[in-house]
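**Student:**
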Amino acid sequence: MELFPTAKPNLARVKNYQPGKPIEELEREYGVHNVIKMASNENALGASPKALAAVRKALKNIHRYPDGGCFYLRKRLADFLGVDPGNLVFGNGSDELLVFVVRALVGRGDEVILADPTFLIYEIATQVENGKLVKVPVRNFQYDLEGMKDKISPKTKLIFIANPDNPVGTYIPQERLLKFLKAVPREIVVVLDEAYYEFAKENSDYPDSLEFLGLFPNLVVTRTFSKAYGLSGLRVGYAVADEKLVNTLNKVREPFNVNLLAQVAALAALDDKAHLKKTLQAVRSGRNYLYRELSRLKLEIVKTATNFALVDLGRDAKNVYETLLKAGVIVRPMGAWGLKSFIRVTIGKKQENERFIRALKKALMQN
Ligand SMILES: Cc1ncc(COP(=O)(O)O)c(C=O)c1O
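Take 91 as the starting number for the sequence shown in the working numbering and just add one per residue.
1) How should Tyr-162 be labelled, buried or exposed, when 16 other C-beta atoms within 10 angstroms of its C-beta is the threshold for buried?
2) What's the call for Val-342, buried or exposed, on a 16-neighbour Cβ count within 10 Å?
3) Thinking just about the alpha-carbon of each residue, which of Ser-294, Val-279, Tyr-286, Asp-255 is nearest to the one in Pro-307?
4) What is the DSSP secondary structure of Tyr-286, reduced to helix, strand or coil?
5) Run the CB neighbour count on Arg-434, radius 10 Å, all protein chains shown included, and call it buried at 16 or more, exposed below.
6) Is Asn-131 near ligand 1, going by C-beta to nearest heavy atom under 6 Å?
7) Along the chain, where does the beta strand (DSSP E) that runs through Arg-313 open and close?
8) Taking Val-145 as part of the alpha helix (DSSP H), name the residues at either end of that continuous run.
9) Tell whether a beta-carbon distance below 7 Å holds between Thr-216 and Leu-223.
10) Cα-Cα, which of Pro-95, Phe-346, Leu-357, Gly-259 is closest to Pro-156?
11) Can you list, in chain order, every residue whose CB sits closer than 5 Å to a heavy atom of ligand 1?
12) With a CB to CB cut of under 6 Å and the five nearest residues on each side skipped, what residues in its chain are close to Ala-449?
13) Taking C-beta to C-beta, are Asn-253 and Leu-282 nearer than 7 Å?
14) Can you tell me which of the three DSSP states Glu-444 falls into?
15) List the endpoints of the continuous beta strand (DSSP E) containing Ala-329.
16) Between the region 180-192 and the region 230-241, do at least 3 Cβ pairs fall closer than 8 Å?
17) Candidates Glu-412, Phe-432, Leu-360: which alpha carbon is nearest Leu-167's?
18) How would you label Met-424, buried or exposed, when you count the other beta carbons within 10 angstroms and need 16 or more for buried?
19) Could you check where the alpha helix (DSSP H) with Thr-369 kicks off and where it finishes?
20) In whole angstroms, what is the alpha-carbon distance linking Ala-148 and Val-354?
21) Rounded to the nearest angstrom, how far is the Cβ of Asn-230 from that of Val-330, given a contact under 8 Å?
22) Return yes when the C-beta of Arg-445 is under 6 Å from any heavy atom of ligand 3, and no when it is not.
23) Can Val-196 and Glu-213 be called in contact, C-beta distance under 7 Å?
24) Gln-217 by DSSP, collapsed to three states: which one?
25) From Leu-351 to Ala-318, what does the alpha carbon distance come to, in whole angstroms?
26) On the criterion of 16 or more Cβ atoms from any shown chain inside 10 Å, does Ile-126 qualify as buried, or is it exposed?
27) With 16 as the cutoff for other CB atoms within 10 Å, does Ala-141 come out buried or exposed?
28) For Lys-391, count neighbouring C-beta atoms within 10 Å of its own C-beta (all shown protein chains included) and say buried if the count is 16 or more, exposed if not.
29) Identify every residue that forms a DSSP beta bridge with Glu-390.
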């Protein structure tokens, strides 16, 4: 698509993020009902009832601007994490925080090291700022940290590590990550994107990254309320970092970037331990079910520490994806990540996982 003639020339290189179609549109287009969305790694159980109640209560205040400092959420989250309130920055989803880091640090020609494949926002944000992408392919679906270290140059400004990674789903254990962080010069910022933290931390060797913060003033840890806490639609995430990095990010943050409903919902969701526990249980058992059923179908599934899984269908996944759509099951084909035979499926509720497997069996016969 053509850009406005005076647009910054580098914008021509920026990939457009392809949003999925609304469920209602798909139902209309394909003539199907009861569509299930297993494509965006949301919480299949929905939001915490406590968060919903808090949102209802706060609706009467939406003629007011939100609290630009996220006062109550900041205080509660700092307590919860055992960090200083001054070490937190909130974002309109953790997406926005990732963009802030790039906006604040990366200029023309600066190098950003990232895995391939990884979360698309890193690439988009870097291209918007006219930075240079330095991609390091994953090996066997694991980060090649040695390879990333070797790519460090005097122009490197930033390194993105999604732990666990999306779309791959695997994580870097504590010891390997620590060794890597020690090897990175302290003037290069490392973003540790922990969007799937709550799921991954069930593994005993998953890093306790907040412990690293004291050691590495160049580290930014980002997390979100979109996944395990079920608040994707409200958009709220946070970054934890050293004060100087927090101040840096705040320079590029709009004053009211986290909306009023998101703030009260996040606060309430943090207190709903039962809902989180239920969510983690559902993901654990759904994951085991999918492992079992997919291996019965002789399909390769990448062992995941998240609420989604990457599955190799051993054929062009686009066609299978289309057939699944017609059966009312939305998954994500991975062609855009260069993984043409793969789909990514979000772990759903029990009945959803079962329906996905039934639909997949049929789709594989047709494709
Ligand atoms: C690795 C990773 N990071 C960050 C995000 C952003 O999530 P949000 O902006 O909803 O916090 C996602 C969402 O899919 C993700 O997969």
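Idealized CB from N, CA, C, for every residue including glycine.
**Tutor:** A quick look at the data gives this:
1) The residue in question, Tyr-162, is exposed, as its Cβ has fewer than 16 Cβ neighbours within 10 Å.
2) Around the beta-carbon of Val-342, fewer than 16 other beta-carbon atoms lie within 10 Å, marking it exposed.
3) The shortest C-alpha separation from Pro-307 is found at Val-279.
4) Looking at Tyr-286 - three-state DSSP - the assignment turns out to be coil, as it is neither helix nor strand.
5) Label assigned to Arg-434: buried.
6) Because some heavy atom of ligand 1 lies under 6 Å away, the Cβ of Asn-131 counts as near it: yes.
7) Unbroken beta strand (DSSP E) run through Arg-313: 309-314.
8) Val-145 -> alpha helix (DSSP H) spans 139-148.
9) Yes. Within cutoff.
10) Closest by alpha carbon: Phe-346.
11) Residues flagged by the Cβ proximity filter: Gly-183, Ser-184, Asp-185, Phe-209, Ala-252, Asn-256, Asp-283, Ala-285, Thr-314, Ser-316, Gly-327.
12) So the list reads Leu-414, Ala-417, Val-419, once near-sequence residues are dropped.
13) Note that the C-beta distance between Asn-253 and Leu-282 is below 7 Å.
14) Here Glu-444 carries a helix assignment [DSSP, helix/strand/coil].
15) Annotation for Ala-329: the continuous beta strand (DSSP E) segment containing it runs 327-331.
16) These segments do not touch.
17) Minimum Cα-Cα distance from Leu-167 among the listed residues Glu-412, Phe-432, Leu-360 corresponds to Leu-360.
18) Under this definition Met-424 is a buried residue.
19) Secondary structure note for Thr-369: its alpha helix (DSSP H) is the uninterrupted segment 363-386.
20) Whole-angstrom Cα-Cα distance: 7 Å.
21) The C-beta distance from Asn-230 to Val-330 rounds to 30 Å, too long to meet the 8 Å contact threshold.
22) The model on display carries ligand 1 but not ligand 3.
23) At a Cβ-Cβ threshold of 7 Å, Val-196 and Glu-213 do not count as neighbours.
24) Here Gln-217 carries a helix assignment [DSSP, helix/strand/coil].
25) A straight line joining the alpha-carbon of Leu-351 with that of Ala-318 spans about 18 Å.
26) By the 10 Å Cβ count, Ile-126 comes out buried.
27) Around the Cβ of Ala-141, a 10 Å sphere holds 16 or more other Cβ atoms; the residue is buried.
28) Inspection of the sequence shows that residue 391 is occupied by Ile rather than by Lys. By the Cβ-count criterion, Ile-391 is buried, with 16 or more other Cβ atoms from all chains shown falling within 10 Å of its own Cβ.
29) The secondary-structure analysis by DSSP pairs Glu-390 across a beta bridge with Asp-402.
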